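Following the UniProt record's numbering, the numbering of the sequence shown begins with 1 at its first residue and continues without gaps. C-beta atoms are modelled at their ideal positions from N, C-alpha and C, and glycine is treated no differently. Source: prediction; values computed, not measured. Reviewing the structure listed below.
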Amino acid sequence: MKQKLLLIILPILFFAATLQAQDKVWDFGGSDTVNWGPDATGVADNEVRDNLGIYMGTTSTSNIGIIDSSNGSVSNWQTAGDIDGYSSTTRFKFNGDSGISDLGGGVLQPSKRYIYFAVTGACTVKLWLRGSSGRTVYLSDDSFVPFGSVLIPASGYVIETVNYTGGSGNIYIYDDAAVYLCKMVVSPASSIGTTGLVLSADDFKSQVSTNMRAVGNRIYVSNVKTKTEVNIYSITGALVKSFKTNSDTDFTFRSGLWIATLKTVDGQKSVKLLTH
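As structure tokens, then:
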């Protein structure tokens, strides 16, 4: 009898373990103290930890990524729809808004305090969020046109699953006011790529005078004081345009999201460009 019972239980346990292995889980609620233990400082610039990008992008005493104690009981999360008995003792703090710019055409581009991760294709993103009522969290791909958003309800707790149907690239998560992330699950785990830094931390300290910006379908290179080497890359890292200039210039460019590097004798910096 015991042997028969064991034969029944083992496949069930194996099936449950297999299901869990199909997800990528970031748990900021206290169970993963190796990657997400208490942190009173947070992230001051830009880093990747456990394949999750964390971008600060501004000088502030309110750094993203501070992890502090704050209990979210089983009953709290049950009000948000949890049925697995989840509870949290810590939280990941966005610690402020993401500096969102409305660029038109549905584009909502963050400039600070956001997280991101690489995907190879379609997936679902499930978020366990806390915060004050009425605050909104956005999810977008490299176009920065949100494919989903989550509104914090009056209870202050929400669990939301958002479907992503696009291709490979980065998924960005950002907010219009400070919220707390307790857990995030991406399914299937096979959809997760290798997350790289969106910009170098050294860019915040660059002495390069040359500036570069996009307006509509034109790119402007300005304040050129010395010979500048310009390289424009796709979001996947492919070089699409390269040139050198000794003076201000501008040109038309096809629609998309690009990363450009500006290199002079003073150093190098990177800028993100969105043309449309």
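* To do: In angstroms with no decimal places, state the Cα-to-Cα distance between lysine 272 and asparagine 35.
  => 28 Å
* **tryptophan 258 - partner residues in DSSP beta bridges** => Ser234 and Leu273
* Starting from the C-beta of asparagine 95, find all residues in its chain whose C-beta is less than 7 Å away, skip the five residues before and the five after it, and write them out in chain order. => Gly42, Ser62, Asn63, Ile64, Ile66, Arg113 and Ala178
* **Member of Gln109, Ser168 and Arg91 whose CA lies at the smallest distance from the CA of threonine 33** => Arg91
* So, helix, strand or coil for threonine 89, using DSSP? -> strand
* To do: For alanine 177, write down the residues that DSSP places opposite it in a beta bridge.
  => For alanine 177, which the question treats as bridged, DSSP gives no partner whatsoever.
* To do: Determine the extent of the alpha helix (DSSP H) in which asparagine 211 is found, giving its start and end residues.
  => Premise fails: asparagine 211 lies in the beta strand (DSSP E), 211 to 215, not in any alpha helix (DSSP H).
* Inter-stretch contact at 8 Å, needing at least 3 Cβ pairs: the segment 230 to 247 / the segment 144 to 158 -> no
* Which residue comes first and which comes last in the alpha helix (DSSP H) that contains lysine 74? -> The sequence as given places valine at residue 74; lysine does not occur at that position. Per DSSP, valine 74 belongs to the alpha helix (DSSP H) from 74 to 78.
* valine 265 in three-state terms, based on DSSP -> coil
* Taking Cβ positions, are threonine 275 and serine 247 nearer each other than 8 Å? -> no
* 7 Å Cβ shell around residue 312 - same chain, five flanking residues per side excluded -> It is not possible to answer for residue 312, since the shown part of the chain is limited to 1 through 276.
* Asked: In whole angstroms, what is the alpha-carbon distance linking isoleucine 83 and valine 74?
  -> 9 Å
* Asked: What number of angstroms, rounded off, separates the C-alpha of residue 281 from the C-alpha of arginine 135?
  -> Only positions 1 to 276 of the chain appear in the structure, and residue 281 is not among them; the question remains open.
* Asked: Near lysine 244, which residues of its chain fall below 8 Å by C-beta distance, leaving aside the five closest residues on each side in sequence?
  -> Lys227, Thr228, Glu229 and Val230
* Please determine, among Ser270, Tyr233, Ala118 and Gly131, the residue with the shortest C-alpha to C-alpha distance to isoleucine 159. => Gly131
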